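Student: Take the sequence shown: its letters are residues 0 to 403, numbered as in numbering that gives the first Met the number 0. No residue lacks a Cβ here, since even glycine has one placed at the ideal position from N, Cα and C. All values reported here derive from a predicted model rather than from experimental measurement.
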Amino acid sequence: MNNSFNSSANASPAGNQKFTGSVLLLLAVVLLAVVGFLLSQLLEYTKQIEDEGPSWQVSANPFLAAENWLTQQNIKVTHLYDQAELNLTQADIVISQGRFDESFSIESDADKLVRWLTEGGQLIMQPAGEVELPGGLSSLNAIRARSESIISEEIMLELEGEIPLSVNFNSEWYLTDPEDQASVKVVAADGYWLLGYRVGEGWLWLVSDLTPFTSEYIDQKDHGLLLWVLLGRPDENTQLQVLLNPEYPNILQLIWQYWKYPLLSLLMILAAWIVGGLQRFGPVIPKPDNARRELSEHLEASGIYLWRHGAADKLLQSVRLRLQRKFASRWPAWRQWSRKQQTLRLVELTGEPEQHISDWLYGQMPKEGYLEGQLIEQLRGLWKLGRSLGMQQNSIAGSDGENK
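1) So what's I254 in DSSP terms, helix, strand or just coil?
2) Roughly how many angstroms separate the alpha carbons of Q354 and L294, rounded to a whole number?
3) Can you give, in chain order, each stretch of the alpha helix (DSSP H) that sits fully within the stretch 328 to 353 and has at least 4 residues?
4) Return the residue from the list M155, V76, V33 that minimises the CA-CA distance to L224.
5) What does a CB cutoff of less than 6 Å around E235 pick up in its chain, not counting 5 residues either side in sequence?
6) Report the partner residues of N167 according to the DSSP bridge assignment.
7) Suppose you measure from the CA of Y361 to the CA of P285; what does that come to, to the nearest Å?
8) Assign Q240 to one of three DSSP states: helix, strand, or coil.
9) Using a Cβ distance threshold of 8 Å, determine whether the stretch 256 to 274 contacts the stretch 111 to 120, with at least three qualifying pairs required.
10) Just the Cα atoms here: how many angstroms apart are V186 and W192?
11) Determine, using beta carbons only, whether S387 and L345 come nearer to each other than 9 Å.
12) If we ignore side chains and look at the alpha-carbon of each, how far apart do E161 and P177 end up?
13) Straight-line CA distance for S54 to Y304?
14) Among the candidates L203, L315, L23, whose CA atom is the shortest distance from the CA of Q373?
15) Just the C-alpha distance for V113 and K259, rounded to the nearest angstrom, thanks.
16) Locate the beta strand (DSSP E) running through A187, then write down its first and last residues.
17) Got a sec, what are the start and stop residues for the alpha helix (DSSP H) Q121 sits in?
18) Going by other Cβ atoms of all chains shown within 10 Å of its Cβ, with 16 needed for buried, is W272 buried or exposed?
19) Are G385 and L322 close, meaning C-beta to C-beta below 9 Å?
20) Looking at A271 and the ligand GDP, is the gap between the Cβ and the nearest heavy atom below 8 Å?
21) To the nearest angstrom, report how far apart N167 and G231 are at their CA atoms.
22) Rank T175, D179, S21, E200 by C-alpha distance to the C-alpha of D189 and give the top, closest one.
23) Return the first residue and the last residue of the alpha helix (DSSP H) that T77 is part of.
24) In three-state terms, what does DSSP make of R321?
25) From L239, S357, D218, pick the residue whose C-alpha is nearest to that of Q377; which is it?
26) What is the residue span of the beta strand (DSSP E) that G201 lies within?
27) What would DSSP say about L471, mapped onto helix, strand or coil?
28) Rounded to the nearest angstrom, how far is the Cβ of D208 from that of Q125, given a contact under 8 Å?
29) How big is the Cα-Cα spacing for V318 and L381?
30) Grab me the residues of W115's own chain with a C-beta within less than 6 Å of its C-beta, minus the 5 sequence neighbours each way, in chain order.
31) Give the range of the beta strand (DSSP E) segment to which L194 is assigned.
32) With a CB to CB cut of under 6 Å and the five nearest residues on each side skipped, what residues in its chain are close to T77?
33) Quick one, are the C-beta atoms of S214 and F36 less than 9 Å apart?
34) Under 9 Å, do Y196 and L205 count as touching if we go by C-beta distance?
35) Which same chain residues end up closer than 8 Å to P261 when comparing Cβ atoms and leaving out the 5 residues on each side of it in sequence?
Spelled out as structure tokens, the structure:
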């Protein structure tokens, strides 16, 4: 029984050491992953700063690169975040990142837009859903729909009077023209990527996705040249207004759009909790059968514990004091004897060498402290003295019984 208790006790530190090593390895891997991720983000951010400008500006205005380039050509570019700020009297070209809202159903606003287009204005628009054009343009019927999969292909555009232009179309959106009213059509997979409507002297351009003109893709293929052509080859007297994202998704739309990320986070948290629970509680350990250990084993374990915590001298003093009390109880004159007399009396009792007994009872702890083996040896010696005294008392009691 004692052997089983000792084996289980010895296995526990090894298991703890193995578990600690696994945790440290896991922490090292996580730390390396975090450092790698931060470095990649830093490199990406640095490249973004060099190519596109500050990240917050790019997020607020995805057409920042095109806007900066047009500004260098002395073209006045104004970007707006509210449809109410749109001023058609001071704009030759308007780029809209979404459809016009209900305020343009007012007759005066609709007439202004139609008149502006008729007089030569150009509107480049990424519609949202079914295109609802105001006023005199309501007869135009175009629909923006979502494909079942991402459409990725290279399109060759052949606009009238222009050289063929290459566009890398990568989107899940496309346009349809049920009544075949568009003057210019660029086919893309399930429908059209670009529809052009002639309105008097101006043009209405519907694009299923403005991504090719954003800062990330404007320098690829012929995207920059195509934007220049759609803008009507503007000169330094041209005024361009960019209406950015006039429609904002609500919280439910955002959750529906990005549901994968919070779900993945919840699953990772759940997995971490399960793994942590298994490591914390471990397997079910059966109840031991009242395991016991000898006094020498107890003294050895206590000595190791106290020695590791710098209390070896306190342990020895307490054991020595207890033995002194036993000796004084056995021999009433014990406290009047000198150390030499006490040592010789114990030599007669135990048969141990005089020097050993003197060290066990009165030895001083070295300045550097006891080594583990030295402390255990001291405790075993004191245990021998106490046991010898107990055996002598038992033998005396047995002799008295026989005499009676």
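Tutor: The structure says:
1) Of the three classes helix, strand and coil, the one that applies to I254 here is helix, per DSSP.
2) Using only the alpha carbons, I get a separation of about 24 Å.
3) For secondary structure counted as the alpha helix (DSSP H) over 4 or more consecutive residues, the stretch 328 to 353 holds these complete runs in sequence order: 338 to 349.
4) The candidate whose alpha carbon is nearest that of L224 is M155.
5) Take E235, set aside five residues on each side of it, and the residues of its chain with a beta-carbon closer than 6 Å to its own are N73, in chain order.
6) For N167, DSSP records a beta bridge to E153.
7) Straight-line Cα distance between these residues: approximately 45 Å.
8) DSSP places Q240 in strand when its eight states are reduced to three.
9) Too few Cβ pairs lie closer than 8 Å, so no.
10) Looking at the two C-alpha atoms, the distance is approximately 6 Å.
11) It is a contact, given that the beta carbons lie within the stated cut-off.
12) Roughly 27 Å separates the two Cα atoms.
13) Because S54 sits at a pLDDT of 46, beneath the cut-off of 50, its placement in the model cannot be relied upon, and the point is left open.
14) Closest option to Q373, Cα to Cα, is L315.
15) Answer to the nearest angstrom: the Cα atoms are 43 Å apart.
16) Per DSSP, A187 belongs to the beta strand (DSSP E) from 183 to 187.
17) The continuous stretches of alpha helix (DSSP H) do not include Q121, which lies in the beta strand (DSSP E) extending over residues 121 to 124.
18) Counting Cβ neighbours within 10 Å, W272 comes out exposed, since fewer than 16 surround it.
19) Yes. Within cutoff.
20) The model depicted lacks the ligand GDP and carries no ligand whatsoever.
21) Between the alpha carbons of N167 and G231 lies a distance of about 21 Å.
22) Checking every option, the nearest Cα to that of D189 belongs to T175.
23) It is not in any alpha helix (DSSP H) - T77 instead sits in the beta strand (DSSP E) that spans 75 to 79.
24) The DSSP-derived three-state label of R321 is helix.
25) If we check each option's Cα against that of Q377, S357 comes out closest.
26) Run containing G201: 201 to 206, per the beta strand (DSSP E) assignment.
27) Lying outside 0 to 403, the shown extent of the chain, residue 471 is not represented and no answer is given.
28) Rounded to whole angstroms, the Cβ separation of D208 and Q125 is 7 Å, and the two are in contact under 8 Å.
29) Taking the CA atoms as reference points, V318 sits about 7 Å from L381.
30) Closer than 6 Å at Cβ, skipping near neighbours: L87.
31) 190 to 198 is the extent of the beta strand (DSSP E) around L194.
32) In its chain, beyond the 5 residues on either side, Q240 have a beta carbon closer than 6 Å to the beta carbon of T77.
33) Going by C-beta atoms, S214 is not nearer than 9 Å to F36.
34) Remark: C-beta atoms of Y196 and L205 approach each other more closely than 9 Å.
35) The beta carbon of P261 sits closer than 8 Å to those of I254, all from its chain and outside the five residues before and after it, given in chain order.
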